[in-house]
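Data block below; observations after.
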Amino acid sequence: MEVLTTTAAWRDRLDAARASGRSVGLVPTMGALHAGHESLVVRARAECDVTAVSIFVNPLQFGDPADLERYPRTLDADLELLAGHGVDAVFAPGVAEMYPDWPEAPSTVVRVGAEAAPFEGASRPGHFEGVATVVAKLFALSGRCRAYFGEKDFQQLAVVRRMASDLGFAVEIVGCPTVREPDGLALSSRNVRLSAEERRAAAVLWRALTSAQVAVASGERRPSAVATLMASVVGSEPLVALDYGAVVDARDLRVPAVLDGHRPLRLLIAAEVGPVRLIDNAPAEVALRSARRDALPGLVGVATGA
Ligand code: PAF
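Counting with numbering that gives the first Met the number 0, you get residues 0 to 305 for the letters of the sequence shown.
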């Protein structure tokens with residue numbers, strides 16, 4: 000496995016792979032790798048000839064310097080894990096290599112639009128601009144490839160998809176399912192900062208998501224009622240402070256007026272668990288009977304059997 004630290008070497012390595020007719024799978028990460036990242040690497044290896052992983056803790060996407068400082072850095076263990084998975088090349092640049100003017104931000108950044116405004120965008124101003132900027136730079140350096148991102152960061156995935164499409168990158172974005180602990184907690188590099196008590200409490204996020212899934216599948220049509228339900232489930236856990244819980248249209252992250260069968264739905268949640276901010280999400284399916292009632296309003300009695 001080659002470990003490269005300069006943008007020039009990275010570009011050359013992946014250009015050479017394509018020149019020899021091999022496809023490239025890129026897994027962008029900030030390190031502190033866990034089984035969620037491993038699932039992205041395994042998928043990239045299965046679908047591409049050359050598996051390339053970037054490890055860069057991107058300062059541009061952290062609003063709070065203390066949060067950046069605390070972000071776990073485990074490069075040696077990360078490299079060992081990636082070598083064990085047969086990764087071909089790792090890009091692990093320093094900050095000066097990616098942002099030569101740092102601590103001044105680069106002159107050119109990516110401005111992000113509507114997908115980036117609510118939820119994480121509202122709670123973490125500038126975060127998605129930082130994500131979109133570093134991902135655009137990684138795409139520019141890596142060239143034509145498939146790029147693998149976890150669905151755990153659902154809004155990030157939407158922002159990256161939009162950015163890649165708007166800017167015309169020759170990159171196919173592949174969203175991969177969230178990997179969970181047995182109690183439902185989504186794997187995250189931040190989980191290692193939870194105390195034992197906070198770790199136990201953090202599973203309430205998954206309980207809130209699954210309660211909301213059941214409510215929507217049972218016929219709840221009001222987004223506000225779903226949000227209230229998620230808040231009340233999280234409220235039962237004193238160590239957890241809810242930031243937001245919402246049901247949105249999975250395509251544009253807008254809250255629909257009513258939950259019907261006409262759009263894919265996604266439940267989003269974020270909370271502070273002690274000092275750690277966690278996010279999670281899950282799909283929601285409207286009950287077939289109530290969906291059919293929307294689609295065929297003239298056939299209410301027939302469709303529902305009522
Ligand atoms: O999801 C992450 O780990 C980061 O936001 C990413 C996509 C690697 C950009 O820094």
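Don't be surprised by glycine CBs; every beta carbon is placed ideally from N, CA and C.
Each of Glu114, Arg192, Thr209 was checked against the Cα of Ala157, and the nearest Cα belongs to Glu114. A direct Cα-to-Cα measurement between Val109 and Ala116 gives close to 14 Å. When secondary structure is reduced to three states using DSSP, Asp14 falls in the helix class. Residue burial is scored here from C-beta neighbours: Glu219 has at least 16 other C-beta atoms within 10 angstroms and is therefore classed as buried.
DSSP, reduced to helix, strand and coil, places Gly244 within a strand of the structure shown.
Nearest neighbour of Asp182 by Cα position, chosen from Phe168, Ala169, Ala207, Ala163, turns out to be Ala207. Per the DSSP secondary-structure output, Thr28 pairs in a beta bridge with Ile54. Proximity to Leu193 across Pro274, Met229, Glu68, Pro27 peaks at Pro274, based on C-alpha coordinates.
Where Pro282 is concerned, the enclosing beta strand (DSSP E) starts and stops at 275-283.
Taking each of Gly125, Ala104, Val26, Ala270 in turn and checking the Cα distance to Ala43, the smallest one comes out for Val26. In the three-state scheme derived from DSSP, where H, G and I count as helix and E and B as strand, Gly149 is classed as strand. Cα atoms of Ala104 and His261: separation of roughly 42 Å, rounded to the nearest angstrom.
Out of Pro99, Arg253, Tyr70, Ala139, the CA that lies nearest to the CA of Trp9 is found in Ala139. Taking a contact to require three or more Cβ pairs closer than 8 Å, the segment 126-137 and the segment 53-60 qualify as touching.
Look at the beta carbons and you see the segment 143-150 touching the segment 171-180: at least three pairs across the two are nearer than 8 Å. Contact annotation, Pro71 with Ala31: C-beta distance approximately 4 Å; criterion of less than 8 Å satisfied. Residue selection by CB proximity (closer than 6 Å to any heavy atom of the ligand PAF) returns Pro27, Thr28, Met29, Asn57, Gln60, Val130, Val133, Val134, Asp152, Gln155 in chain order. Ser188 is classed as buried because its beta carbon has at least 16 other beta carbons within 10 Å across all chains shown. A residue is called buried when at least 16 other Cβ atoms come within 10 angstroms of its Cβ; Thr107 does not meet this threshold and is exposed.
Rounded to the nearest angstrom, the Cβ distance from Ala286 to Val233 is 24 Å, too far for a contact under 8 Å. Residue ranges of uninterrupted alpha helix (DSSP H) with 4 or more members, entirely inside the segment 172-229 and ordered along the chain, are 195-201, 203-216. In the three-state reduction of the DSSP assignment, Arg44 falls in the helix class.
Taking 8 Å as the cut-off, the Cβ atoms of Gln212 and Leu277 do not count as close. For the pair Pro92 and Pro282, the Cα-to-Cα distance works out to about 35 Å. The three-state reading of DSSP puts Arg265 in strand, counting E and B together. In the three-state reduction of the DSSP assignment, Ala88 falls in the strand class, which pools E and B.
Rounded to whole angstroms, Phe61 and Val111 show a C-alpha spacing of 16 Å.
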